[in-house]
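Novice: The structure follows.
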Amino acid sequence: MTENLQSQEEMDIKQRFGKIIDWFSVNMPVAETELLYTDPFGLLVAVILSAQCTDKRVNMIAPKLLAAFSTAEAMAATTPEVVFEYIRSISYPNNKAKHLVGMAQKLMSDFNGVMPDDVDLLQTLPGVGRKTANVVLSVIFDKPAMAVDTHVFRISERLGLTTGSKNPLQTERELMKYIPAELIPKAHHWLILHGRYICLARKPKCAECGLKDWCRYYSIHN
Numbered sequence: 538m539t540e541n542l543q544s545q546e547e548m549d550i551k552q553r554f555g556k557i558i559d560w561f562s563v564n565m566p567v568a569e570t571e572l573l574y575t576d577p578f579g580l581l582v583a584v585i586l587s588a589q590c591t592d593k594r595v596n597m598i599a600p601k602l603l604a605a606f607s608t609a610e611a612m613a614a615t616t617p618e619v620v621f622e623y624i625r626s627i628s629y630p631n632n633k634a635k636h637l638v639g640m641a642q643k644l645m646s647d648f649n650g651v652m653p654d655d656v657d658l659l660q661t662l663p664g665v666g667r668k669t670a671n672v673v674l675s676v677i678f679d680k681p682a683m684a685v686d687t688h689v690f691r692i693s694e695r696l697g698l699t700t701g702s703k704n705p706l707q708t709e710r711e712l713m714k715y716i717p718a719e720l721i722p723k724a725h726h727w728l729i730l731h732g733r734y735i736c737l738a739r740k741p742k743c744a745e746c747g748l749k750d751w752c753r754y755y756s757i758h759n
């Protein structure tokens, strides 16, 4: 009986993933980061700045910073105090200034200024956690890496793609289990953009949502 129940649950979750993936594939065929960047270093700088901050704000600040320090070598040669003046209007500017300079210095000393394409190596850089590393891997290297931010964590639970996930790593593993590897870089942006514009944290726009037929949150609250 238990095995049959587990088998049914497995089939149900696969069907849910399939329906949601199909909907996104048709309705959001192009899904990309909204952060502005021109090269791997620029993206990493932008992602570090984006912690606890909107992409819109980052896109206002990062270009001026990168115009002054366009490479890891240039940023490694400056100080957190100088970087702070460029990013002072962003959230947590002191910590981020230290992280950016430290990241650039380690990128130069350990990797000759070349962005590593490995999740563990990326996380050796100051200011780079697993989420940031996965963003770089998926966006720059098109690797099947699922970055889980607050949007992805929330949307996965609401849609029923995950159930009672306790942390981002658990969510990441569940999503990786059922989303085809070649779609994972795009699926990351599907979930982020859906959370940013439709499935809002405080008041989701269920009436505008094309996923409500397969959404666990909608079935419970409507």
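Numbering-wise (the working numbering), the sequence shown opens with residue 538 and increments by one.
Backbone N, C-alpha and C define an ideal beta-carbon position, used for all residues, glycine too.
1) Is it buried or exposed, R695, if we count other Cβ atoms within 10 angstroms and call 16 or more buried?
2) Tell me which same chain residues have a C-beta within less than 8 angstroms of the C-beta of Q589, skipping the five on either side of it?
3) Do L580 and I677 have their C-beta atoms within less than 8 angstroms of each other?
4) How would you write the range of the alpha helix (DSSP H) that M612 sits in, first residue to last?
5) Please report how far the alpha carbon of Y574 lies from the alpha carbon of K593, in whole angstroms.
6) In angstroms with no decimal places, state the Cα-to-Cα distance between H688 and P577.
7) Contact defined as beta carbons within less than 8 angstroms: I believe G650 pairs with T608. What is the distance between those atoms, to the nearest angstrom?
8) For the alpha helix (DSSP H) containing V665, name the first residue and the last one.
9) Look at the Cβ atom of N671, then the Cβ atom of M652, and state whether they are nearer than 8 angstroms.
Specialist: Reading off the structure:
1) As a working mapping, residue 695 is identified with position 158 in the sequence shown. That one is buried.
2) Position 52 of the sequence shown, counted from the start, is the residue given in the question as residue 589. Leaving aside the five residues that flank Q589 on each side, the residues in its chain whose CB is nearer than 8 angstroms to its CB run, in chain order, S628 and Y629.
3) Locating residue 580 in the sequence shown gives position 43, counting from the first residue. Locating residue 677 in the sequence shown gives position 140, counting from the first residue. Closer than 8 angstroms, so yes.
4) One-based indexing of the sequence shown puts residue 612 at position 75. Segment A609 to A613, the alpha helix (DSSP H) holding M612.
5) Start at 1 with the first residue of the sequence shown, and residue 574 comes out as number 37. Start at 1 with the first residue of the sequence shown, and residue 593 comes out as number 56. So the alpha carbons of these two residues sit roughly 13 angstroms apart.
6) What you label residue 688 is simply residue 151 of the sequence shown in a count that begins at 1. What you label residue 577 is simply residue 40 of the sequence shown in a count that begins at 1. Near 23 angstroms, if we compare the C-alpha coordinates of P577 and H688.
7) Here the question's residue 650 lines up with position 113 in the sequence shown. Here the question's residue 608 lines up with position 71 in the sequence shown. Their Cβ separation, rounded to whole angstroms, is 7 angstroms, which keeps G650 and T608 in contact under 8 angstroms.
8) In the sequence shown, the residue the question calls residue 665 occupies position 128. Note, V665: premise wrong, no alpha helix (DSSP H); not H, not E.
9) Position 134 of the sequence shown, counted from the first residue, corresponds to residue 671. Position 115 of the sequence shown, counted from the first residue, corresponds to residue 652. Not a contact, by the Cβ cut-off of 8 angstroms.
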